[in-house]
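What follows is a short report on a single structure.
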Amino acid sequence: MDYGNQTLVTEFFFVGLTNQFQHQVVLFVIFLLVYLVTLLGNVGMITLIWLDPRLHTPMYFFLSHLSFVDVCSSSAIGPKMLTDIFVEKKVISFFGCAAQICFFGQFVVTECFLLASMAYDRYMAICKPLLYTLIMSQRVCVQLVVGPYAMGLMSTMTHTTLAFNLPYCGPQIINHFFCDLLPVLSLACADTQVNQFLLFILAGALGVLSGVIILVSYTYIVITILRIRSAAGRHKAFSTCSSHLTAVSILYGTLFFIYVRPSSSFSLDINKVVSVFYTSVTPMLNPLIYSLRNREVKDSFRRTFEKKQFLVSR
Numbered sequence: 097m098d099y100g101n102q103t104l105v106t107e108f109f110f111v112g113l114t115n116q117f118q119h120q121v122v123l124f125v126i127f128l129l130v131y132l133v134t135l136l137g138n139v140g141m142i143t144l145i146w147l148d149p150r151l152h153t154p155m156y157f158f159l160s161h162l163s164f165v166d167v168c169s170s171s172a173i174g175p176k177m178l179t180d181i182f183v184e185k186k187v188i189s190f191f192g193c194a195a196q197i198c199f200f201g202q203f204v205v206t207e208c209f210l211l212a213s214m215a216y217d218r219y220m221a222i223c224k225p226l227l228y229t230l231i232m233s234q235r236v237c238v239q240l241v242v243g244p245y246a247m248g249l250m251s252t253m254t255h256t257t258l259a260f261n262l263p264y265c266g267p268q269i270i271n272h273f274f275c276d277l278l279p280v281l282s283l284a285c286a287d288t289q290v291n292q293f294l295l296f297i298l299a300g301a302l303g304v305l306s307g308v309i310i311l312v313s314y315t316y317i318v319i320t321i322l323r324i325r326s327a328a329g330r331h332k333a334f335s336t337c338s339s340h341l342t343a344v345s346i347l348y349g350t351l352f353f354i355y356v357r358p359s360s361s362f363s364l365d366i367n368k369v370v371s372v373f374y375t376s377v378t379p380m381l382n383p384l385i386y387s388l389r390n391r392e393v394k395d396s397f398r399r400t401f402e403k404k405q406f407l408v409s410r
């Protein structure tokens with residue numbers, strides 16, 4: 097491909113995390129374990145919710161989709177990252193890079209709005225308990241799940257299409273371990289101010305929109321909890337929200353740090369370190385957070401395990 101007198105690139109090379117063999121071995125073992133735990137935890141959560149009729153409620157319907165999104169987002173990055181650790185030339189095709197940005201971005205935005213849907217569900221359960229089953233119908237739950245997927249698709253297609261219509265004529269080296277939008281844009285041989293401004297505005301708008309839904313929902317939840325007279329009642333109401341608040345804090349903290357800062361404050365090396373957390377660690381933590389701090393999930397796991405043992409013993 098030619099752009100003027102310059103040859104446009106057809107592939108990119110990752111810098112990766114380290115070139116030292118000892119560190120590569122350690123990182124490979126750590127990331128492999130993290131990825132396997134992520135798959136096991138999230139697929140296990142989906143299976144548990146599917147098998148136990150007691151978990152066929154709106155809250156766990158959303159949680160099953162959150163687990164699905166975590167599996168997809170980690171799988172968009174994890175396998176390629178693992179295979180590249182020991183490879184000298186960490187290469188990805190031009191269209192492979194576009195696909196990685198598209199899929200990963202889709203699931204990150206989807207997760208943000210899924211968390212907003214889950215916050216609204218908690219608001220209805222705690223603040224409007226008598227109307228909960230009426231309002232949170234199957235149709236409404238499906239709409240609250242389809243919406244996040246649609247927002248994710250719209251956002252990522254906009255950024256990916258604009259970014260990969262730019263000319264890339266070298267260098268081909270991405271200072272990252274996967275195709276993230278900002279490091280890729282830094283390689284374009286054209287003005288990317290519009291792209292960076294759009295990223296800042298759109299990411300900020302989507303983050304603020306989903307964040308406001310969560311904030312408003314929890315404002316009403318806190319007011320309602322404070323009105324509960326018994327300490328046991330307040331503790332029970334808050335315990336249903338603590339896992340969700342933890343997941344929200346982890347995801348939004350890292351995303352705002354990377355994507356909703358002015359371009360003058362960007363540091364690709366710092367972003368690379370933070371990206372390790374939200375691409376690998378966060379998808380692993382979510383099922384642990386929701387299972388270890390949720391009595392219903394623990395009880396369901398125990399019932400399923402005991403039932404399996406009973407069937408095996410027969």
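The sequence shown: position 105 = 201 (our numbering), numbered continuously. C-beta: ideal position from N, C-alpha, C; glycine also. Quick caveat, the model's predicted, so the values are computed rather than measured.
Out of 351, 223 and 249, which one is the CA nearest neighbour of residue 312?
223
Other residues of its chain near residue 321: CB distance less than 8 Å, five sequence neighbours each side excluded:
222, 330, 333 and 334
What runs of the beta strand (DSSP E), each 3 residues or longer, lie entirely inside the region 156-240?
186-189
For residue 324, three-class secondary structure by DSSP
coil
DSSP bridge partner residues for residue 270 (one or two, in chain order):
110
Simplified DSSP assignment, three categories, for residue 105:
coil
Just checking, does the region 186-201 make contact with the region 227-234 on the three C-beta pairs under 8 Å criterion?
no
Inter-stretch contact (C-beta, 8 Å, three-pair minimum) for the region 116-124 and the region 132-151
no
Within the chosen definition, does the region 104-119 reach the region 289-298 through at least 3 CB pairs nearer than 8 Å?
no
Nearest-angstrom Cβ-Cβ length linking residue 262 and residue 286, presumed shorter than 8 Å:
5 Å
Cβ-heavy atom distance, residue 250 to the ligand NAD, below 6 Å
This structure does not include the ligand NAD; it has no bound ligands of any sort.
Quick check: residue 237 and residue 149, are their CB atoms within less than 7 Å of each other?
no
In three-state terms, what does DSSP make of residue 282?
coil
Quick one: Cα of residue 314 to Cα of residue 371, how far?
27 Å
Between the Cα of residue 375 and the Cα atoms of 351, 293, 220 and 271, which residue gives the shortest distance?
351
For residue 289, is the classification buried or exposed, using 16 other Cβ atoms within 10 angstroms of its Cβ as the cut-off for buried?
exposed
What three-state label does DSSP hand residue 82 in the structure shown?
Not covered by the structure: residue 82. The range shown for the chain is 97 to 410.
Quick one, which of 259, 256, 255 and 282 has its alpha-carbon nearest residue 268's?
282
Taking residue 215 as the reference, which of 391, 399, 344 and 392 has the closest Cα?
344
Where residue 360 sits in the DSSP three-state scheme:
For residue 360, the predicted structure reports a pLDDT of 48, less than 50, and the residue's modelled location is therefore unreliable. The matter cannot be settled from this model.
Using a C-beta cutoff of 7 Å, does residue 166 count as contacting chain C?
Of the protein chains in the structure, only one exists, and it is not chain C.
Do residue 209 and residue 120 count as a contact pair if the criterion is CB distance below 7 Å?
no
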